[in-house]
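Written below as structure tokens is the structure these notes are about.
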Amino acid sequence: MRVQQLAARTGYYTTAAALAIVFLFPLVWAGWASVKPTPGSGQQVGYGFGNFIKLAHYGKGLPTYLLNSTLIAAIAVAGTLVVATLAGYAFARFRFPGRNLLFLAILAILMVPYPTLLIPLYVLLGWLGLQNTLVGLALVLTMFQLPFATFIMRNSFEAVPRELDEAAMVDGATTLAVLTRILLPAVRPGLITVGLFAFLASWSDFVVPLILISSPDKFPLPVAVVNMQQQVFGSIDYAALEAGVVVLAAPCMVLFLILQRGYVRGFMSGSLKG
Amino acid sequence: MSRRSSYVLARFWTVLIGSAALAMFGGLAACGKSANKDNKEAAKSADSDSGATITMWTRAATEAQSKMLVEAYNASHKNKVELTVVPTDNYAQKIATAAGGKALPDVFAADVIFAPNYTSKNLFLDITSRIDALPFKDSLAPSHIKLGTYQGKKYAVPHTIDLSVIFWNKDLYQKAGLDPEKGPTTLKEMAEHAKKIQALGGEIAGTTLGGNCGGCGVFTIWPSIWAAGGDVMNADGTVATLDSQQVKDTFAVWRQLYADGIAQPGSKDEQGPTWVGRFQSGNVGVGPMPSTTLAMMDKAGLKVGVIPIPGPDGGQSTFVGGDVLGIAATSKNADAAWNFLSWTLSDAAQVEVLAKNKDLIARTDLAENKYSAADPRVVTTLKVLAKGRTPYALNFNQTFNDPQGPWLATMRAALFGPDLNAGLTEGNAKVTASLAQK
Amino acid sequence: MAAPNALFSRSAAARRSQYQLAGIAYATPAALVVGVFFLVPLGLVLWMSLHQWPLIGDPTFNAPANYTRIRDNALFIDAVWFTLKYTIVVTILLFAAAFGLAMLVQRPRPGVGFFRTAFFLPGAVGFATASLLFYGLLSRDLGPLNPILSALGLIGKPISWVSGSPNLALGSSIGLVIWRWAGFNMLILLTGLQAIPGEVYEAARVDGASRWQQFTRITLPLMRPTIALVLILMITGSLLAFDQFYILTNGGPDNSTTSVVMVIVREAFTRFDLGSAAAVSVLVLATLIVFNVVQLRVLRRGDRPAGD
């Protein structure tokens, strides 16, 4: 029995470790390549952070781009969480005319190639007076997140037994109270997933901000990084690219490390018992 | 459900859909209305430097030069230019979107070979009389002016110049027993040099190309065809001539280089991102490269020699690339914009900003200035400018630059396919069809 | 008997319509966002598909020319076949990878947090950047992959992973997609896995069910909504694949990995034919709507007890 257990455990860890190496290798390589000496880059001789310094000073400077990225991500995440949670609740618990049609309309967002939507979106933002604004961009990014976010929230709400709702309502709770006091804590892993993915998408998106924003001081970080790495004839400054990868991925990694504990707790809490 | 709440519901959905529909059709009406642009000449204002803000877009590939010019202009004028740099690969997309949304900037740069396409789509303002009023109008880089001309009217001025030339690595030449101060004067001679360098072994390669990159091929292979007296298409870019003798001879040399393993084997699949990096790594002996990368090569510690691109048996030519600059058709600041445009062509800008930074300048009358004489390689490059060409075609991008276009397939068939002549003949028909496509 | 019945049904009806109004209220923000930021632009796309739409100037009505010309676009026809083939292969492989990873990290063990992070981390890189990163990584002459594989003795001479052949190009793209998206889908599947209460497994174990029986009779059925979401995302995402081909393989070698959306982008931003691009997009959208409606019906059949 002990030997069997040991063999199983070794097998598990070997497999997991091998996979972890495969998944981490490109990022580790990017990190190493961003500090190694590369002719013609910001770091020509010896190891160092020359590429990062070059990135920090590029264009309007790193702080401006970081601030823009943060603002865009904050609005998009808040917007997505609010809209998708309310909509998920509606789809999971209520029947109303137009329900299926609305769900299909939301899903349809996934089915349109986004380059096609960009020109009409640009025109639309102009009509709304939101052209070249971070708010307009964040609203568009929220829209693109809706299908995934609504679907996840709907699934999460549906997984909670209705008896909990009904018990509370018999006691006189309103639908809003049921949502905030009973359901939200139960769907925490879903909320974390939605928030995290909304953050990732809006933090690293590059084409949508590029097209919808034109003032150089409003560009988020990915646009600046792409500009910095592109040179004549489509040739790429790979050292700059890798420095960009590191800078952009670092906050996401930190965020995920913090949030992923929520998954474990969600599993362990057994809030769905009884 | 009760009748009352079903009315409420019906009203709710109607209002929602109705306002969406209204917004849509209202906006479409506005969108559909013509730009009502008056493309006629505006009178030149005496005081066009009055503190206006001029918005300008440029591609990332051109950032360095555009930025230098903008900063120098802003430092010496009341008008201020606000420069936005856009990633090169998405530039067309951004221009198209802005055009569709009637929100183009005042001024924007464009790759010179796309100028015919842009002018034919009414993106630029007609500035014929403004250009003709310039005292140095006849010494502006002729190929750029030609590409910015459509149906007799001029729409753009030269902004940057990028020529294709042969670079050779002097250290590798020395190691291979070649004279490090003498570059090849014919393409066949270049092949000989490459062969000797390939023999050095290891990671060293004789030469390299962008084998899976249509735009790179245009830039590096066509000059040899021109140097031999031939051409790839007719003067107005409607019929291809890829099955002509000079084209076959040029491709034959490159095809042999690949067959013998003298051209870097991995470069067969080079799509562009690492094309320049191959030479910059110091592992390539000789080959055609953009002249604007000279400073980058120097910085990487290479000792580079420069010579014009030759044909198979001699001659010299170059692809005159770079950017043009024009005023957008929708601009409301045409006078201020022209103030900036014309300043970029002035002596001060051309000599003290561009030439000082070792960049090529657009004015042939200023070619021999105090800075250009300093580096003999720059002099070499300037001299070949007069022998170079910028090919004209309305459908240049979709035919020659686009990876899904027919040129790339033809080039690869000629270089790597089973039969050189068949590949060129078949490809020629497809290229002609694409050039003619409406 | 009429009076008590009438009273009873009126308050029940009132409660039901109040309930409905609440549902509508909760759905309204989403309806607004979708209506304004999606349906309106979509309407414009539809409108554009019926016109010859210049960048600057007046559009001219030319329906159904934009649609009928699609038939003659050989590049598009080839792209459709390629995209279908690609979707089938990638969906199977990516789903297996994501599910496998999710099963691997669902139980709390020492180090599972590290593994979860490792698998998910590629999702922190924007897809366009990831594609470019892979281009450098897989570069025959300048990337580290060939030297490492040679040193390990796995390959004889350097391989051109990205453009050596159509199969290599396809393989590289699939590798990129799995690397980038397996962790993302793993996380979605994890939320589904963890929503299954532990007691259900306990009860089954007590009844003598084997691991395999637990998996097929408990896990899979209860995971249905999550699996539905993941499959819809994967299939739709693959049918609309763009960045990996545009950036990693350029649609090559020799147009062997050109996808449908690449053709649309080419129509719009290389040929500047906005009407044609709009028409192809509408066609793709219609196909996908039909396909997804069918898929949803199949996957949700006999699923939710109430409220469907």
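Protein chains in written order, with numbering that gives the first Met the number 0: chain H, 0 to 273; chain P, 0 to 437; chain A, 0 to 307.
Positions of the beta carbon are idealized from the N, C-alpha and C atoms, including for glycine.
Per-residue burial, residue i [other beta carbons within 10 Å of its own, 16 or more giving buried]
i	result
Lys247/P	buried
Asp272/A	buried
Ile105/H	buried
Arg129/P	buried
Gln436/P	exposed
Lys93/P	buried
Gly228/P	exposed
Gly182/P	buried
Gln4/H	exposed
Arg264/H	Note on Arg264/H: pLDDT 49, under 50, position unreliable in the model; the coordinate value appears next. Exposed is the call here.
Ile76/A	exposed
Ala211/A	Note that residue 211/A is Trp in the sequence shown here, rather than Ala. The residue is exposed, with fewer than 16 neighbouring Cβ atoms inside 10 Å.
Inter-residue Cα distance where the pair is residue i and residue j
i	j	result
Val177/H	Pro107/A	31 Å
Thr159/P	Glu81/P	18 Å
Ala7/H	Met185/A	22 Å
Leu138/H	Thr9/H	48 Å
Ala95/P	Ala155/P	18 Å
Val106/P	Ala328/P	9 Å
Met295/P	Asn168/P	14 Å
Pro264/P	Tyr257/P	7 Å
Met222/A	Asn211/P	45 Å
Ser316/P	Ile224/P	9 Å
Pro188/H	Gln105/A	13 Å
Arg94/H	Gly22/A	7 Å
Ser330/P	Gln255/P	52 Å
Leu139/P	Val161/A	43 Å
Pro252/A	Pro165/A	6 Å
Gln229/H	Val246/H	17 Å
Pro160/H	Thr215/A	22 Å
Trp56/P	Gly250/A	28 Å
Asp236/H	Ser159/A	21 Å
Leu195/H	Val81/H	14 Å
Leu359/P	Ile191/H	55 Å
Beta-bridge partners of residue i, as assigned by DSSP
i	result
Asn168/P	Val303/P
Tyr149/P	Lys152/P
Phe98/A	Answer is none; Phe98/A lacks a bridge partner.
Ile210/H	Per DSSP, none; premise fails for Ile210/H.
Gly438/P	Residue numbering for chain P in the displayed model covers 0 to 437; residue 438/P lies beyond these limits and cannot be assessed.
Leu414/P	Answer is none; Leu414/P lacks a bridge partner.
For residue i, the nearest candidate out of the options (CA to CA)
i	options	result
Val289/A	Pro38/H, Pro114/H, Met110/H	Met110/H
Met288/P	Gly300/P, Asp170/P, Trp274/P	Trp274/P
Gly304/P	Asp312/P, Gly284/P, Gly321/P	Gly284/P
Val88/A	Ile195/A, Gly250/A, Leu169/A, Ala181/A	Leu169/A
Thr363/P	Ala428/P, Pro375/P, Gly387/P	Gly387/P
Thr132/H	Leu163/H, Trp202/H, Asn67/H, Pro119/H	Asn67/H
Gly191/A	Met152/H, Gly45/H, Phe102/H	Met152/H
Ala167/H	Tyr64/H, Leu182/H, Ala32/H	Leu182/H
Ser213/H	Ala336/P, Thr83/P, Lys429/P	Thr83/P
Endpoints, beta strand (DSSP E) assigned at residue i
i	result
Ile308/P	308-310
Pro287/P	285-289
Glu81/P	79-85
Met55/P	52-58
Residue range of the unbroken alpha helix (DSSP H) whose run includes residue i
i	result
Arg129/P	127-131
Trp160/A	That residue, Trp160/A, is in no alpha helix (DSSP H); it is neither H nor E in DSSP.
Ile151/H	133-157
Met261/A	259-268
Met232/P	That residue, Met232/P, is in no alpha helix (DSSP H); it is neither H nor E in DSSP.
Trp52/A	It is not in any alpha helix (DSSP H) - Trp52/A carries neither H nor E in the DSSP assignment.
Lys136/P	Premise fails: Lys136/P is in no alpha helix (DSSP H) and is neither H nor E.
Gly328/A	Here chain A comprises residues numbered 0 to 307, so residue 328/A is not present and cannot be evaluated.
Ser201/H	187-203
Gly10/H	1-34
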